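Read the structure below first, then the notes.
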Ligand SMILES: [Fe+2]
């Protein structure tokens, strides 16, 4: 008897659950056969483009299945209302050393479930660990945005960085999309106010400015053109969380990967490792 998916949505009928399980099992087995996960020695070895060429279609098929049952996600802005918690996050980050993306080596991160690639220029990242403060942030975010994501979702990766004032007009400061596989979204948490002094964000033609510290912005990072606006006076500190729409609400158990993009495959995103062809779905 194959293992059941622990669906987070109690409203799905038995027929719908059966359709989803059957389709996903098949899709995951095809991916295992035709698209092995990349093995790489350096974060520059495999480009995001190579990842997309191998895995895009599996993530797309998964998101298309989600779209049969749930509407597309939308953008959203909300504030962390607890000022003490914003301070807790700031203090938490201050405790960490920062690292240049180019100095980050393959063995610096133990998790092999995340695909990571170097894209330069990149800011100085904090090496953040998964701990109760970040878990609390995830919990607040999950309840704040569940109606905007529209489907259950998985926390894929969490990173944080600080950019100095007057940063070059490069990388994240130029209009871009993140070119993630379908189904992904990002949520940025700004630990400083969003204004000219601290920097802010532009989503297509909407400036997100004059917002208090603790503002969180959810957006479809690979569909909506966006750019960060560098601060003029102070360091700009933000936490970025990558999400993926799924049928089960899944949490992040690995430490934040400074260069992480997606799970290493749809199998890594949805299933536990198994020695044979058994599909063991990750549980909420
Ligand atoms: Fe981006």
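In the working numbering, the protein residues as written are 2 to 285. A virtual CB, placed ideally from N, CA and C, is assigned to each residue, including glycine. Because the structure is a prediction, the values reported are computed rather than measured.
Among the options, nearest to residue i - alpha-carbon criterion
i: residue 77; options: 274, 188, 21; result: 188
i: residue 115; options: 275, 259, 280; result: 259
i: residue 139; options: 125, 240, 180; result: 240
i: residue 32; options: 10, 45, 7, 59; result: 59
i: residue 195; options: 184, 208, 186; result: 208
i: residue 183; options: 237, 175, 246; result: 246
i: residue 242; options: 65, 223, 156, 85; result: 156
i: residue 21; options: 63, 197, 79; result: 63
i: residue 277; options: 34, 25, 6; result: 34
i: residue 128; options: 94, 48, 265; result: 94
i: residue 282; options: 263, 250, 262; result: 250
i: residue 46; options: 82, 132, 117, 262; result: 117
i: residue 201; options: 163, 224, 185, 126; result: 163
i: residue 37; options: 284, 285, 264; result: 264
Classification of residue i by the beta-carbon crowding that lies within 10 angstroms, buried from 16 upward
i: residue 254; result: exposed
i: residue 50; result: exposed
i: residue 226; result: exposed
i: residue 52; result: buried
i: residue 257; result: buried
i: residue 369; result: Summary: the structure shown does not reach residue 369, with the chain confined to residues 2 through 285, and so no result is reported for it.
i: residue 152; result: buried
i: residue 286; result: A query on residue 286 cannot be resolved here, the shown segment of the chain reaching from 2 to 285 and no further.
i: residue 96; result: exposed
i: residue 222; result: buried
i: residue 179; result: buried
i: residue 234; result: exposed
i: residue 85; result: exposed
i: residue 269; result: buried
i: residue 266; result: buried
i: residue 103; result: exposed
i: residue 193; result: buried
i: residue 158; result: buried
i: residue 1; result: The shown model of the chain, from 2 to 285, leaves out residue 1, and the question about it has no answer.
One or two residues paired with residue i in a DSSP bridge
i: residue 189; result: 218, 241
i: residue 228; result: 203
i: residue 272; result: 282
i: residue 177; result: 227
i: residue 99; result: 127
i: residue 25; result: The partner list for residue 25 (beta bridge, DSSP) is empty, contrary to what the question assumes.
i: residue 250; result: According to DSSP, which records beta bridges pairwise, residue 250 is partnered with nothing at all.
i: residue 196; result: 200
Where residue i sits in the DSSP three-state scheme
i: residue 263; result: strand
i: residue 57; result: helix
i: residue 114; result: coil
i: residue 125; result: strand
i: residue 291; result: The chain is shown only over 2 to 285; residue 291 falls outside these bounds and no answer can be derived.
i: residue 1; result: The chain is shown only over 2 to 285; residue 1 falls outside these bounds and no answer can be derived.
i: residue 78; result: strand
i: residue 19; result: helix
i: residue 145; result: helix
i: residue 161; result: strand
i: residue 3; result: coil
Residue i beta carbon near ligand 3 (any heavy atom closer than 8 Å)
i: residue 132; result: For the structure depicted, ligand 3 is absent and the ligand set comprises only ligand 1.
9 Å Cβ cutoff, residue i in contact with chain D
i: residue 134; result: Protein chain content of the structure displayed is limited to a single chain, and chain D is not contained in it.
Original post:
Among all residues, which have a Cβ less than 6 Å from at least one non-hydrogen atom of ligand 1, and in what chain order do they fall?
Top reply: In chain order, the residues with a C-beta atom nearer than 6 Å to some heavy atom of ligand 1 are 173, 177, 179, 222, 227.
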